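Residue numbers (the working numbering): 214 to 308.
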């Protein structure tokens with residue numbers, strides 16, 4: 214599912230809202246999650262999961278084509294851990 218499909222489904226399920234308002238709501242939710250993560254905060258959506266940022270230390274990697282050693286800078290990467298409800302639904306254990 215992509216963002217536009219999510220907006221379309223939410224607009225269809227909530228006919229009292231204009232599609233542009235649904236789009237604004239969805240975009241605001243994503244912007245808030247991104248903003249919180251950019252500040253290093255953890256975002257938890259109960260039952261769905263938690264978004265956090267993990268730090269990867271600088272290291273020496275290898276160029277896969279030449280085998281040459283390459284310095285890889287420290288970086289921060291997004292991390293998602295599923296919630297129990299989502300995990301159970303994915304494994305067919307509806308509650």
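We treat Cβ as the ideally placed atom computed from N, Cα and C, and that holds for glycine.
Nothing here was measured: the structure is a model prediction, and the numbers come from that model.
Classification of residue i by the beta-carbon crowding that lies within 10 angstroms, buried from 16 upward
i	result
residue 235	buried
Close-in-space but distant-in-sequence residues of the same chain around residue i (CB under 6 Å, 5 per side omitted)
i	result
residue 296	260, 261, 262
residue 289	266, 268
residue 251	none
residue 307	none
7 Å Cβ shell around residue i - same chain, five flanking residues per side excluded
i	result
residue 219	239
residue 249	256
residue 270	287
residue 216	239
Cβ separation of residue i and residue j, assumed to be a contact under 8 Å, to the nearest whole Å
i	j	result
residue 292	residue 256	Actually they do not touch by this definition, with Cβ atoms about 11 Å apart.
Separation of residue j from residue i, as counted between CA atoms
i	j	result
residue 302	residue 242	23 Å
residue 287	residue 276	17 Å
residue 233	residue 300	32 Å
residue 274	residue 245	34 Å
residue 305	residue 225	27 Å
residue 221	residue 272	44 Å
residue 223	residue 285	42 Å
residue 229	residue 279	59 Å
Close Cβ partners of residue i (< 8 Å) along its chain, the five nearest in sequence each way excluded
i	result
residue 281	275
residue 283	273, 274, 275, 276
(message) In chain order, what are the residue ranges of uninterrupted beta strand (DSSP E) at least 3 long that sit wholly in the segment 227-277?
(response) As far as the segment 227-277 is concerned, its whole beta strand (DSSP E) runs of at least 3 residues are 256-258, 262-269, 272-275.
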